[in-house]
Amino acid sequence: MNTIEEKLWNYIDGTCSPVEQDATARLIEQDKAYAQKYQELLALNQEFAAMELDEPPMAFTYNVMEAIRTENAMQPLKANIDKRVILGIAIFFVFTILALLVVVFANVHVSGINISAADIKLPAGVKLPSTNSVFSGPLVKWFLIFDVVLALFLTDAYLRRKKTTRQLQ
Amino acid sequence: MQSKLSDIELIEQSLAGNQSAYADLVKRHQRFVFTLALRFAKGREDAEEIAQDCFIKAYRSLASFQGQSKFSTWLYSIVYTTAMTFLRKKRVATDSIDDENTFIQVESQESGYDTNNIENKSRSFYLNQAIAQLLPDDATIITLFYKGEQSLEEIAQALGMETNTVKVKLFRARQRLKEKLEQNLKQEVKELI
Numbered sequence: 001m002n003t004i005e006e007k008l009w010n011y012i013d014g015t016c017s018p019v020e021q022d023a024t025a026r027l028i029e030q031d032k033a034y035a036q037k038y039q040e041l042l043a044l045n046q047e048f049a050a051m052e053l054d055e056p057p058m059a060f061t062y063n064v065m066e067a068i069r070t071e072n073a074m075q076p077l078k079a080n081i082d083k084r085v086i087l088g089i090a091i092f093f094v095f096t097i098l099a100l101l102v103v104v105f106a107n108v109h110v111s112g113i114n115i116s117a118a119d120i121k122l123p124a125g126v127k128l129p130s131t132n133s134v135f136s137g138p139l140v141k142w143f144l145i146f147d148v149v150l151a152l153f154l155t156d157a158y159l160r161r162k163k164t165t166r167q168l169q
Numbered sequence: 001m002q003s004k005l006s007d008i009e010l011i012e013q014s015l016a017g018n019q020s021a022y023a024d025l026v027k028r029h030q031r032f033v034f035t036l037a038l039r040f041a042k043g044r045e046d047a048e049e050i051a052q053d054c055f056i057k058a059y060r061s062l063a064s065f066q067g068q069s070k071f072s073t074w075l076y077s078i079v080y081t082t083a084m085t086f087l088r089k090k091r092v093a094t095d096s097i098d099d100e101n102t103f104i105q106v107e108s109q110e111s112g113y114d115t116n117n118i119e120n121k122s123r124s125f126y127l128n129q130a131i132a133q134l135l136p137d138d139a140t141i142i143t144l145f146y147k148g149e150q151s152l153e154e155i156a157q158a159l160g161m162e163t164n165t166v167k168v169k170l171f172r173a174r175q176r177l178k179e180k181l182e183q184n185l186k187q188e189v190k191e192l193i
């Protein structure tokens, strides 16, 4: 059951149904106690509505924007890389590999079960460069050494990250 | 000078990388966010920290703002959760504070009270004083309703409550505020006599 005050607040806020609105309006007109309470609450409502907002310090906006700028600057490079670029590179490689596979399978002639008889032919216009001079002994060795060092570096970085995450948890 | 663009337009520009558009959004809502933060924190420094934190959080998740509600409603829900987290942390930290600090706080409040004459105190002073004595939830609902241009439904959305709950809470908060105002004024009259 609503109290008089609750009914009057609903009437002032306009949150009651039209029927309740009419009933309360009639009560205010006819009942002196209602009318008095209504005037009291109306005055209070006006006072509440006149409440003043507090002013933040002058440099507030500047401080917020500075904090945002600092946070953006501290973001690791990894988070700044556009995922679309990575997707584009991945699509390029997938298409290249698929195209190569199509070309290879289209030109493979398997006669019987003799694998050594398989004949891979490239299209007439395509000429592969000679790789014998490029993949010389020392170059392959340096390439392998570089790969090993890179693999060790990445494994180390991965393990460190894993350890840090575990410590934070 | 503040931008005349709508909140949505400023959000779109901010998402496109225009930081000055977000600065305009901050300028537009800072007074209200700061006032709401003060309802929880009481001290200006803490309120500033909460308000700043809210705007940074809002910036971080600006892309997730769907535009289904008003930006202000969305922002106030961030203020509410941030302030609640702040209060929880603060409660843990203040558990160890001894009575001496509390006494100093009360004393300084009283001395501020004595130095002001009733003539110098505006109606808004009494109102702010009474609001400061309310529970954070009551003060927040009253502020959102009267100054946040928020409907009961929007307040419910911002606070994560049912509309009817907010309606009842608003009614009770207004009653408590009225009582506090009366108490403070009676006290003031007693001191004068």
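Chains as they are written, first to last, in the numbering used here: chain A, 1 to 169; chain B, 1 to 193.
We treat Cβ as the ideally placed atom computed from N, Cα and C, and that holds for glycine.
Which residue comes first and which comes last in the alpha helix (DSSP H) that contains Lys42/B? If you number the second sequence from 1, residue 42/B lands on position 42. Where Lys42/B is concerned, there is no enclosing alpha helix (DSSP H), given that its DSSP letter is neither H nor E.
Any chance the stretch 29-41 of chain B sits against the stretch 129-140 of chain B, with 3 or more Cβ pairs inside 8 Å? Yes: at least three Cβ pairs fall under 8 Å.
Residues of its chain near Phe145/B, where Cβ-Cβ distance is below 7 Å and the 5 sequence neighbours each way are ignored: Translated into positions along the second sequence, residue 145/B becomes position 145. Same-chain partners within the cutoff: Ile155 and Leu170.
If you measure beta-carbon to beta-carbon, which residues of the stretch 24-58 of chain B are closer than 7 Å to chain A? Cβ contacts with chain A come from Val26, Lys27, Gln30, Arg31, Phe32, Phe34, Thr35, Leu38, Glu48, Ala51, Gln52, Phe55 and Ile56.
Is it true that the CB of Leu62/B sits closer than 8 Å to the CB of Leu15/B? Numbered from 1 along the second sequence, position 15 holds the residue referred to as residue 15/B. Numbered from 1 along the second sequence, position 62 holds the residue referred to as residue 62/B. Closer than 8 Å, so yes.
Cross-chain neighbours of Ser61/B in chain A, by beta carbon under 9 Å: Counted from its first residue, the second sequence places residue 61/B at position 61. Chain A residues near Ser61/B: none, gap ~13 Å exceeds 9 Å.
Give me the chain B residues within the contact set of Thr61/A, using Cβ-Cβ distance strictly less than 7 Å, ordered along the chain. If you number the first sequence from 1, residue 61/A lands on position 61. Per Cβ cutoff of 7 Å: Ala23, Val26, Lys27 and Gln30.
Closer than 7 Å: Leu87/B CB and nearest the ligand SAM heavy atom: The ligand SAM is absent from the structure shown, which contains no ligand whatsoever.
Along the alpha helix (DSSP H) that carries Val126/A, what are the first and last residues, could you check? Reading the first sequence from its first residue, position 126 is the one you call residue 126/A. Careful: Val126/A lies outside any alpha helix (DSSP H) and carries neither H nor E.
Please go through the same chain and pick out, in chain order, the residues whose beta-carbon is closer than 8 Å to the beta-carbon of Gln21/A, but skip the five residues on each side of it. For the purposes of this step, residue 21/A is taken as the residue at position 21 of the first sequence. So the qualifying residues of the chain are Tyr11 and Gly14.
Could you work out which residues of chain A lie near Arg123/B, taking near to mean beta carbons separated by less than 8 Å? Mapped onto the second sequence, residue 123/B falls at position 123. Residues of chain A passing the Cβ test: Glu47 and Ala50.
Could you round the C-beta distance between Gly73/B and Thr143/B to whole angstroms and report it? I think they count as a contact, below 8 Å. For the purposes of this step, residue 73/B is identified with residue 73 of the second sequence, where counting begins at 1. For the purposes of this step, residue 143/B is identified with residue 143 of the second sequence, where counting begins at 1. Reading off the sequence, residue 73/B comes out as Thr, not Gly. The Cβ separation is near 14 Å, so there is no contact.
Quick one: list the residues of chain A neighbouring Arg174/B, beta-carbon separation under 8 Å, in chain order. Along the second sequence, read from residue 1 onward, the residue named residue 174/B stands at position 174. Contact note: Arg174/B reaches chain A through Trp9, Leu44 and Phe48, using a C-beta cutoff of 8 Å and chain order.
From the beta carbon of Lys180/B, is the nearest beta carbon of chain A less than 8 Å away? On the second sequence, position 180 is the one that residue 180/B refers to. Among the residues facing chain A, Lys180/B is not included, as its CB has no counterpart in that chain under 8 Å away.
Quick one: does Leu75/B have its CB under 8 Å from some CB of chain A? Residue 75/B sits at position 75 when you count from the first residue of the second sequence. It does not; no Cβ of chain A falls within 8 Å.
Within 8 Å, do at least three Cβ pairs link the stretch 61-71 of chain A to the stretch 49-65 of chain B? As far as the Cβ criterion goes, the stretch 49-65 of chain B touches the stretch 61-71 of chain A, which means the pair count is three or higher.
For chain A, is any of its Cβ atoms less than 8 Å away from the one on Gln133/B? Locating residue 133/B in the second sequence gives position 133, counting from the first residue. For Gln133/B, the answer is no, since every Cβ of chain A falls outside 8 Å of its Cβ.
Mind checking if Ile142/B is an interface residue toward chain A, Cβ cutoff 8 Å exclusive? Position 142 of the second sequence, counting from 1, holds the residue named residue 142/B. True, the Cβ-Cβ gap to chain A drops below 8 Å.
Look at the Cβ atom of Lys147/B, then the Cβ atom of Met51/A, and state whether they are nearer than 8 Å. Numbered from 1 along the second sequence, position 147 holds the residue referred to as residue 147/B. Numbered from 1 along the first sequence, position 51 holds the residue referred to as residue 51/A. In terms of Cβ geometry, Lys147/B and Met51/A form a close pair [threshold 8 Å].
Extent of the continuous alpha helix (DSSP H) to which Phe65/B belongs: By one-based count along the second sequence, residue 65/B stands at place 65. Per DSSP, Phe65/B belongs to no alpha helix (DSSP H) and is neither H nor E.
Is the beta carbon of Leu134/B sitting closer than 8 Å to the one on Ala173/B? As a first step, residue 134/B must be located in the second sequence, where it is residue number 134. As a first step, residue 173/B must be located in the second sequence, where it is residue number 173. The answer is yes: Cβ separation under 8 Å.
Express the C-alpha separation of Lys7/A and Asn214/B in angstroms, rounding to a whole number. No answer is possible for residue 214/B: it lies beyond the span of chain B, which begins at 1 and ends at 193.
Out of curiosity, what's the CA-to-CA distance linking Phe92/A and Asp54/A? Taking the first sequence and counting its residues from 1, the one referred to as residue 92/A is at position 92. Taking the first sequence and counting its residues from 1, the one referred to as residue 54/A is at position 54. Here the alpha carbon of Phe92/A sits roughly 57 Å from the alpha carbon of Asp54/A.
Quick check: what's the CA-CA separation for Gln150/B versus Gln39/A? By one-based count along the second sequence, residue 150/B stands at place 150. By one-based count along the first sequence, residue 39/A stands at place 39. Going by the C-alpha atoms only, they are around 24 Å apart.
Relative to the C-alpha of Phe48/A, which candidate in Lys180/B, Thr82/B and Leu127/B has its C-alpha closest? Within the first sequence, the letter at position 48 stands for residue 48/A. When only C-alpha atoms are compared, the closest one is Leu127/B.
So with Cβ pairs under 8 Å, would you call Glu20/A a contact of chain B? As a position in the first sequence, residue 20/A is number 20, starting the count at 1. It does not: the Cβ of Glu20/A has no partner Cβ on chain B nearer than 8 Å.
How is Ile81/A classed by DSSP in three states: helix, strand or coil? Here residue 81/A corresponds to residue number 81 of the first sequence, with the count starting at 1. Coil at Ile81/A, not helix or strand.
Quick check on the DSSP output: the alpha helix (DSSP H) that includes Thr70/A runs from which residue to which? The sequence position of residue 70/A within the first sequence is 70, counting from 1. DSSP places Thr70/A in the uninterrupted alpha helix (DSSP H) bounded by Phe60 to Met74.
At least one CB of chain B closer than 8 Å to the CB of Val64/A: is that the case? Reading the first sequence from its first residue, position 64 is the one you call residue 64/A. Chain B, which has a Cβ nearer than 8 Å to the Cβ of Val64/A, makes this yes.
Counting only beta-carbon separations shorter than 8 Å, does Asp54/A have a partner in chain B? For this step, residue 54/A is matched to residue 54 along the first sequence. Yes - at least one Cβ of chain B is within 8 Å of the one on Asp54/A.
Can you check whether the CB of Ala21/B is closer than 8 Å to the CB of Gln30/B? Numbered from 1 along the second sequence, position 30 holds the residue referred to as residue 30/B. Numbered from 1 along the second sequence, position 21 holds the residue referred to as residue 21/B. Cβ atoms of Gln30/B and Ala21/B: not closer than 8 Å.
Just tell me which of Arg123/B, Glu9/B, Thr85/B and Lys90/B has its CA closest to the CA of Gly67/B. As a working mapping, residue 67/B is identified with position 67 in the second sequence. Of the candidates Arg123/B, Glu9/B, Thr85/B and Lys90/B, the one whose C-alpha sits nearest the C-alpha of Gly67/B is Glu9/B.
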